[in-house]
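Peer 1:
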Amino acid sequence: MEYGKRAGGMPRSDTDPNSCFPCFQLVEFWDSMNNQDQESHSYNLITNSSWLEIRLFYVRITPCVIDSVPDHLTLRHLRREISTPLEINGFRVPCADSASVTLRRDRLNKESSEVTYVSTDSVRVTGAVEFEVLEKNDLFLCGSLERIEAVWGNGSVGLENDSKTGWSMECYMAASVGEGNSVFFQPKMGFSAPAIEVYIAGCWGCAGDID
1 MEYGKRAGGM PRSDTDPNSC FPCFQLVEFW DSMNNQDQES HSYNLITNSS
51 WLEIRLFYVR ITPCVIDSVP DHLTLRHLRR EISTPLEING FRVPCADSAS
101 VTLRRDRLNK ESSEVTYVST DSVRVTGAVE FEVLEKNDLF LCGSLERIEA
151 VWGNGSVGLE NDSKTGWSME CYMAASVGEG NSVFFQPKMG FSAPAIEVYI
201 AGCWGCAGDI D
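Start counting the sequence shown at 1; every next residue gets the next number (UniProt numbering).
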C-alpha cells in the first residue's frame with residue numbers, strides 16, 4: 001500500500017517544534033567495483049531519542065546509462081516489531097502490513113552519468129524497520145534502520161560514562177542486480193560497477209512520541 005503524499009515542499013512534523021530537531025544525517029555508500037560497503041554502521045548518537053522522523057531519503061547512482069534509467073524507484077518498508085509503530089505522512093501503518101513510497105527521479109547529470117532518486121514523504125519510526133528499494137518489481141537494494149543504545153566515555157577521569165541512544169542504517173545491493181536484471185548494470189555498454197549512495201535526513205525527538 002502506498003500512503004498519501006504531503007503537498008509540496010519538505011514534510012512538516014506535527015509534534016511540538018521544541019521536541020523536534022532536524023539534526024541527523026545517515027549515509028551508506030556501496031562501492032560495487034570492490035564489492036564492499038564503504039560506510040557500514042553509520043550512526044548519530046542522540047541523547048534520549050525515542051522516535052525518528054525521516055524527511056528526506058535519496059539514492060544516488062553513478063555511473064549509469066542515463067537514457068535508460070526509470071523515472072522512479074519504489075521504497076518499501078517491511079517487517080518490524082509489533083511494538084514499533086510506523087507512520088507515513090501521518091497515517092499509521094498496521095504492523096502486519098508493508099508500505100511503499102515513491103522515490104522520484106530528481107536529477108540527471110549526463111556529464112557524470114549520474115542519477116538521483118528522492119522522496120520527501122514523512123516516515124516516522126520508534127524502532128527497527130527493514131526496507132527495500134525496488135526497480136520496477138525487482139529488488140535493487142535492501143537495508144534496515146535500527147535504534148541503538150551506546151555507552152561511551154567522555155574522556156574525563158572520575159566521570160561516569162554517558163549513556164546515549166542513536167540510529168544505525170545498513171544497506172546492501174541485491175545479488176540479482178549483477179545478473180542482468182537492472183538497467184543500472186549494463187556491462188556491454190561499459191556500466192558494470194556503479195557506486196550507490198543512500199542518504200537520509202530528518203529530525204528526532206523525545207516528546208510527543210507516537211503510541
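Backbone N, C-alpha and C fix where the C-beta goes; we use that ideal spot for every residue, glycine too.
#1: Determine whether the Cβ of Trp-167 lies closer than 8 Å to any Cβ atom of chain D.
#2: Do you know whose CA, among Val-183, Arg-55 and Cys-64, lies nearest Asn-109's CA?
#3: Using 10 angstroms around the beta-carbon of Cys-203, count the other beta-carbons present and answer buried if the total reaches 16, otherwise exposed.
#4: Pull the bridge partners of residue 256 from the DSSP assignment, please.
#5: Alpha carbons only, please: which of Lys-188, Val-129, Val-177 and Val-183 is nearest the one belonging to Ala-96?
#6: On the DSSP bridge list, what partners appear for Thr-74?
#7: For Thr-84, which residues of its own chain have a beta-carbon under 7 Å away from its beta-carbon, when the five flanking residues on both sides are left out?
#8: Within 10 angstroms of its Cβ, does Arg-104 collect 16 or more other Cβ (buried), or is it exposed?
#9: May I ask which residues mark the beginning and end of the beta strand (DSSP E) holding Ser-182?
#10: Could you check the C-alpha separation between Asp-67 and Val-183 for me, to the nearest Å?
#11: Assuming contact is defined by CB atoms lying nearer than 8 Å, are Ser-98 and His-72 in contact in what I supplied?
#12: Please report the straight-line C-alpha distance between Arg-107 and Ile-196, rounded to a whole angstrom.
#13: Please determine, among Phe-91, Pro-94, Phe-185 and Phe-131, the residue with the shortest C-alpha to C-alpha distance to Tyr-172.
#14: Could you give the distance in angstroms between the alpha-carbon of Ile-61 and the alpha-carbon of Ser-112?
#15: So for Ser-192, helix, strand or coil by DSSP?
#16: Would you kindly work out how many angstroms separate the C-alpha atoms of Pro-94 and Ser-176, rounded to a whole number?
#17: By how many angstroms is the C-alpha of Val-123 removed from the C-alpha of Gly-205?
#18: Are Thr-116 and Tyr-58 touching if we call contact CB-CB under 8 Å?
#19: Can you tell which of Ala-193, Cys-142 and Ile-148 has the C-alpha that lies nearest to the C-alpha of Glu-170?
#20: Can you give me the C-alpha to C-alpha distance between Glu-53 and Ile-200, rounded to a whole angstrom?
Peer 2: The structure says:
#1: Of the protein chains in the structure, only one exists, and it is not chain D.
#2: Cys-64
#3: buried
#4: Beyond the ends of the chain as shown, which are 1 and 211, falls residue 256; an answer cannot be given.
#5: Val-129
#6: Thr-102 and Leu-134
#7: Val-125, Thr-126, Gly-127, Ala-128 and Val-129
#8: exposed
#9: No beta strand (DSSP E) holds Ser-182; DSSP gives it neither H nor E.
#10: 10 Å
#11: no
#12: 14 Å
#13: Phe-131
#14: 10 Å
#15: coil
#16: 30 Å
#17: 14 Å
#18: yes
#19: Cys-142
#20: 10 Å
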